[in-house]
Amino acid sequence: MIVARTGWTADELLTGTLQVSPRGEYDLVTLLIGVNNQYRGQDVVTYRQQLRRLLDQAGRFADGNPGRVMVISIPDWGVTPFAQGLEREKIAFEIDAFNEVNRQEAEQAGAIYVDITPASRRAARDGGLLASDGLHPSGRMYAEWVDLILPQVLDTLESN
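Converting from the sequence shown to our numbering requires adding 5 to each position, the first position being numbered 1.
Structure (structure tokens):
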């Protein structure tokens with residue numbers, strides 16, 4: 006089941022899960038959230054609080070097993086043509102700060118953390134990693150992310 010929608014912040018995802026109220030137990034719950042918090046200029050302190058709530062909720066969806074929750078890092082949209090004319094270094098710095106929160110909170114919760122951000126930054130040199138809109142990942146980029154994520158997924162499903 007997919008709950009989130011493109012463009013949502015962590016707070017909107019929290020609200021969305023309450024409205025959808027996913028039922029059942031899931032073998033794996035993934036969270037890739039935070040980019041729109043950063044894009045909208047929200048602070049990491051508030052984001053951390055929201056992420057903690059999301060991780061707690063995700064753990065409940067995973068039958069109380071935080072080891073079946075995976076946090077995926079935020080890709081760096083600052084390397085894309087969409088960010089042309091913007092402060093790319095500031096965007097990268099902020100993405101790194103949000104991702105540090107993601108990493109810390111995932112570890113604190115006992116969840117898995119997968120870092121796809123370095124792969125996303127290669128789009129600065131390879132436009133084929135981006136969709137035609139110049140912002141979102143292409144199929145090639147998603148395939149690279151799958152290569153990073155899949156071993157963790159398989160390990161999680163085998164051991165949990």
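Virtual Cβ for every residue (Gly too), placed ideally from N, Cα, C.
Here the structure is a predicted model, which means the values were calculated and not measured.
Which of helix, strand or coil DSSP assigns to residue i
| i | result |
| --- | --- |
| V34 | strand |
| V25 | helix |
| E142 | Sequence inspection shows Pro at residue 142; the Glu mentioned does not correspond to that position. Residue state, collapsed to three classes: strand. |
Range covered by the beta strand (DSSP E) that runs through residue i
| i | result |
| --- | --- |
| V119 | 117-119 |
| I77 | 74-77 |
Supposed close pair residue i, residue j - CB separation, criterion 8 Å
| i | j | result |
| --- | --- | --- |
| L56 | A102 | Their Cβ separation, rounded to whole angstroms, is 13 Å, which puts L56 and A102 out of contact at 8 Å. |
| A67 | R58 | In fact, because the Cβ distance is near 15 Å, the residues do not count as touching under 8 Å. |
| I7 | V40 | Not quite, the Cβ-Cβ distance comes to about 16 Å (not below 8 Å), so this is no contact. |
| I77 | L19 | So it is not a contact: roughly 18 Å between Cβ atoms. |
| W82 | L153 | Wrong, their Cβ atoms sit about 18 Å apart, outside the cutoff. |
Rounded separation between residue i and residue j - CA only
| i | j | result |
| --- | --- | --- |
| K95 | T122 | 15 Å |
| E163 | I117 | 14 Å |
| R4 | F98 | As shown, the chain starts at 6 and ends at 165. That puts residue 4 outside it, with no answer to give. |
| T2 | M146 | Since the first residue of the chain shown is 6 and the last is 165, residue 2 is not available in this structure. |
Sheet register partners of residue i (DSSP bridge)
| i | result |
| --- | --- |
| L135 | P142 |
First and last residue of the uninterrupted alpha helix (DSSP H) at residue i
| i | result |
| --- | --- |
| D101 | 93-114 |
| T51 | 49-66 |
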